[in-house]
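Student: Residue numbers (the working numbering): 10 to 136.
Don't be surprised by glycine CBs; every beta carbon is placed ideally from N, CA and C.
Input: one structure, supplied below.
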């Protein structure tokens, strides 16, 4: 059951990632911005879910375990994209130099950590 849930979540996360990339190109932005948006949103969603789970003492039913796997491992895992982040950073280094590559690294790190902290704090305050 959980493997099927991860499979479905992964497909949905991949489609969401594709949609963000498509939307970014429509407004004329570059690929690293799409990767950053996906990573920040996936981090916020993952930490919101994990924060809610950490604040409960209830054992999840098999149905809820499958939904948890679908959202965390499947959707968030496919929606965030470390490999694309690495490729974008290398391409930025080669085409724009170390300053742009470093800016990409720092923006992903800082914004994802901030989004994760915000989501975790939000989850803690609502339980």
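Among the candidates 26, 127, 50, 41, whose CA atom is the shortest distance from the CA of residue 99?
Tutor: Ranking the options by Cα distance to residue 99, first place goes to 41.
Student: Can you have a look at residue 117 and say buried or exposed, based on whether 16 or more other CB atoms are within 10 angstroms of its CB?
Tutor: Buried is the call here.
Student: What whole-angstrom Cβ distance do residue 88 and residue 26 have, given they're in contact under 8 Å?
Tutor: Right, their Cβ atoms sit about 5 Å apart.
Student: Can you tell me the Cα-Cα spacing of residue 126 and residue 113, whole angstroms?
Tutor: C-alpha separation (whole angstroms): 20 Å.
Student: Could you spell out the range, first to last residue, of the alpha helix (DSSP H) harbouring residue 38?
Tutor: No alpha helix (DSSP H) holds residue 38; DSSP gives it neither H nor E.
Student: I'd like to check one pair, residue 101 with residue 109: are the Cβ atoms closer than 8 Å?
Tutor: Contact flag set, yes.
Student: I'd like the span of the alpha helix (DSSP H) that includes residue 115, first residue to last.
Tutor: Segment 107 to 134, the alpha helix (DSSP H) holding residue 115.
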